[in-house]
Amino acid sequence: MSETPQHPHQPLLHHELVALSAPTQVWSSPDGSMGSRPLHGIYHSDTRIVGALTLLVGGQVPENISHSVTDAATLRFVSLLRHLDGRGADPRVLLNRVRQVRDGRVTETIELTSAITDPIETTVTIELAPSFDIIHDVKGGVHTPDVAFASVLDDAGVHYSSGAITASFTSADADLVVDTDGLTIASWRVTIPAHGSVSVSWELAIVDPSAVVRGASGTSDWAGVTARADDSRLGAWVDTALKDLAGLRMVTRDQPDDVFLAAGAPWFFTLFGRDSIWAARMLLPLGTGIAGSTLRVLAALQGTETVDATAEQPGKIMHELRPGTLDMPGEDTSLPPLYYGTVDATALWINLLHDAWKWGMPDAEVEALLPNLETALVWMRSYGDSDGDGFLEYVDSTGHGLANQGWKDSGDSIQWRDGRLSEGPIALCEVQAYAYEAALGGAALLDHFGRSGGADWRDWAAALKTRFNEAFWIESPDGAYPAVALDAHKRKVDTVTSNIGHLLGTGILDEEGSRLVAQRLVSPELSSGYGLRTMSTDSTGYWPLSYHGGSVWTHDTAIAIAGLGRAGFSAEAATLIEGLLRTAEGFDYRMPELHSGHSTEETATPIPYPAACRPQAWSAASAVAVLGTILGLEPDAQADELRVSPLPIAGALDVRGLVFGGHSFELTTDASGAVTHNTLPASVSVAE
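Sequence positions in the sequence shown follow this note's numbering and run 518 to 1205.
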């Protein structure tokens, strides 16, 4: 006899299929059906519109034999209809089902094909159950209570409504029936011709006027990008990642022309400051378009006043945008619709602006954002440093916001080596590095555009670097390493974590400090062979399936790889790159948000973190970041110079669709890493 779980669980999603075009997504079993797993359904924005959907042919469930992913928005399912076959071992009646998702629209075409000599008469039936659950209730493992919705059948189809949301199920030639619970049955009486095919189709159109975000129109800036390498894993990862990123393109209701990348499916189809910035930053080798629009949409929401309830402060970049208050079931967390609880997004916004400028973002676009830059810089020095000790720190003052406000934002992510949780305000090591880099980048922008303050910010950065190297380093028999954070009492939180990888390449470390960090990153305690563990295995709190305490995050590893590349540690970069390529292959090149920290010695394939978002923006964008590190790209658009120093990691490369200074170009290298061909204009100096 099975027992009822005492606590609801977040749905597992690793083995489920998704077709998506933000903010619409469809989650199903590998056979295309919905309803057998808690996650399943058709979602739009923050609502699950349909909770279950079943296909029957001749009253029976087709026998699925395969599915394939055409792109992020399109799935194909192939099934057998052996109950309609004649005698013989070979299946002779097939069903092809193509599902396609667009913003606010889901369509399916169901084709039945026969190799039998006589026509076959049968019935195709779709059973659809509306739901209207709030997505974060689904995430919390519960049904939204007291959901009221209406179902109306007319000559045009079946129309559902709940609050402001409406949806319509239509088909040109289906017989439609709706019961009192809203269950919709669509049936088609069809004849499959001898040695022929017949098809039926249906569509669900959804409108949510209350949504604050919606899908972006047009095609992505990277639609024509290709990457081919002797190591085929690299090209396959890049191809899949770019298709997934195209499905995550969104705009806000108030700025419909400025595209950003939603954080990830299924839970985070909205604007996230940190996530959207990192994804745009990683994509800079493919052009500055997504960077510029991400900068603008965040600048429009930049804080202007101090509001404790939302964590807003003048100059601060926001964390998360929702249509209403976000209450998380089972957690003491309630976030306002526009929430600013992030300590790192402001410095990262400055870094994105500087890096986009170096890649060739037009001066006029950059200059328009300089007032936002200046207030963001001031936020770092004043509000970001709440106690005046010269470091940026955070603490949740509301009691119901995020307890941790760096990228590792779970409640137990910042802990001591013995497993004790650290006490806030907390000053994270990587946030100081972001701020150092931002101060120098901001100073360069101020100087270039003839604005005052550059010298002051360089002095501030130099002082921060000195303070950091005096306050954060911990001596150890295995070599010194930076603390993950300083706690409320300015004690060095001594857990060895992946956070230290974010310091490399920012300039906050000296040469010896960089060497010690690089050495630590590839130690067996941190490097699993499938990427970089978030926490070292010699920590009490380590667990390979802990969200931030031992798992591997693709973007985290990619950031460390980029830092290693910039700091000149090519062998260490190669070790972590191989880990991600091995992982990409293990996940069919659609990288999840995170995966288990189990090592290659423990398992021959990477083990999923089963509730990880997939696809996810910064995990997908990491493919481009890794490609950029392999190519050794260092841009300086102001000098019309692009440094290219490829690493001989993936063999010969042929990359098309790279963009520098507004010029699209191709780059080819041989297996040794030597550049053999590029199509940059003659005016651009290519330094090797």
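A virtual CB, placed ideally from N, CA and C, is assigned to each residue, including glycine. Computed from a predicted structure; not experimentally measured.
Residues near residue i in its chain [Cβ-Cβ closer than 7 angstroms; skip 5 each side]
i: L601; result: G575, V610, I637 and T639
i: G1103; result: T1122 and P1123
i: S1044; result: L1038, T1092, L1093 and G1096
i: S1031; result: L1021 and A1084
i: H526; result: G658
i: A779; result: A539, L765, M767, F785, F786, T787 and A1134
i: W990; result: A997 and P999
i: H917; result: D849, T850 and S851
Terminal residues of the beta strand (DSSP E) in which residue i lies
i: P647; result: I637 to I651
i: T1146; result: Per DSSP, T1146 belongs to no beta strand (DSSP E); it is in the alpha helix (DSSP H), A1134 to L1148.
i: I682; result: I682 to T687
i: H532; result: First-last for H532: undefined, no H or E at that position.
i: Q542; result: T541 to S545
i: T859; result: Where T859 is concerned, there is no enclosing beta strand (DSSP E), given that its DSSP letter is neither H nor E.
i: T708; result: T701 to I709
i: A744; result: T743 to A746
i: E882; result: No beta strand (DSSP E) contains E882, which is instead part of the alpha helix (DSSP H) from D880 to A885.
i: Y560; result: G558 to H561
i: V729; result: Looking at the DSSP string, V729 is not in any beta strand (DSSP E), and its letter there is neither H nor E.
Own chain, CB closer than 8 angstroms to residue i, minus 5 neighbours either side, in chain order
i: V860; result: G901, L909, E910, Y911, Q922, G923, L945 and V948
i: P1165; result: A1188, S1189 and G1190
i: V724; result: G621, I682, T683 and A684
i: A1077; result: S1015, G1018, H1019, L1021, L1038, L1049 and L1093
i: T1185; result: A1169, L1170, D1171, V1172, V1192, T1193, H1194 and N1195
Coil, strand or helix - residue i by DSSP
i: A1129; result: coil
i: W795; result: helix
i: Y900; result: coil
i: R839; result: coil
i: F985; result: helix
i: Q1155; result: helix
i: K656; result: helix
i: W754; result: helix
i: T521; result: Interpretation of T521 is limited by its pLDDT of 41, a score under 50 that renders its predicted location unreliable; the figure taken from the coordinates is listed afterwards. Note: T521 maps to coil in three-state DSSP.
i: Y951; result: helix
i: K875; result: helix
i: T811; result: helix
i: S668; result: strand
i: R1037; result: helix
i: H1194; result: strand
i: G735; result: coil
i: N921; result: coil
i: D1011; result: coil
i: T1071; result: helix
i: A1188; result: coil
i: V867; result: Note that residue 867 is Ile in the sequence shown, not Val. The answer is helix: DSSP assigns I867 an H, G or I state.
i: V1161; result: strand
i: H1065; result: coil
i: A1204; result: strand
i: L601; result: helix
i: T697; result: coil
i: V623; result: strand
Where the alpha helix (DSSP H) through residue i begins and ends
i: S1087; result: S1087 to G1103
i: D588; result: First-last for D588: E580 to D588, but that is the beta strand (DSSP E), not the alpha helix (DSSP H).
i: F908; result: Careful: F908 lies outside any alpha helix (DSSP H) and carries neither H nor E.
i: E992; result: First-last for E992: undefined, no H or E at that position.
Nonlocal neighbours in the same chain, by C-beta distance under 6 angstroms from residue i, ignoring five residues either side
i: G1179; result: G877
i: D747; result: G1168 and A1169
i: G1082; result: A1090 and T1146
i: G970; result: L963
i: P1198; result: H1180
Whole-number beta carbon distance between residue j and residue i, since they are thought to touch under 8 angstroms
i: V1013; j: A1002; result: With 8 angstroms as the limit, V1013 and A1002 do not qualify as a contact, their Cβ atoms being about 12 angstroms apart.
i: G477; j: L1026; result: One cannot answer for residue 477 here, as it falls past the ends of the chain, which runs 518 to 1205.
i: P540; j: G732; result: 6 angstroms
i: V1141; j: V755; result: 7 angstroms
i: A826; j: T915; result: 6 angstroms
i: L511; j: G552; result: Not covered by the structure: residue 511. The range shown for the chain is 518 to 1205.
Cutoff 8 angstroms: residue i Cβ touching any chain B Cβ
i: P1123; result: Looking at the structure shown, chain B is missing, and only one protein chain is on hand.
Validate contact between the region 960-970 and the region 924-936 using beta carbons, cut 8 angstroms, 3 pairs: no
The region 782-800 in contact with the region 1161-1179 per 3-pair CB rule at 8 angstroms: no
Touching by the beta-carbon criterion (3+ pairs, under 8 angstroms), the region 951-960 and the region 969-979: yes
At least three beta-carbon pairs within less than 8 angstroms, the region 792-810 to the region 839-858: no
Three CB pairs or more closer than 8 angstroms across the region 686-697 and the region 617-634: no
Segment contact, 8 angstroms Cβ cut-off, at least three pairs: the region 726-744 with the region 575-594: no
contact_flag[the region 554-571, the region 648-658] where n(CB pairs < 8 angstroms) is 3 or more: yes
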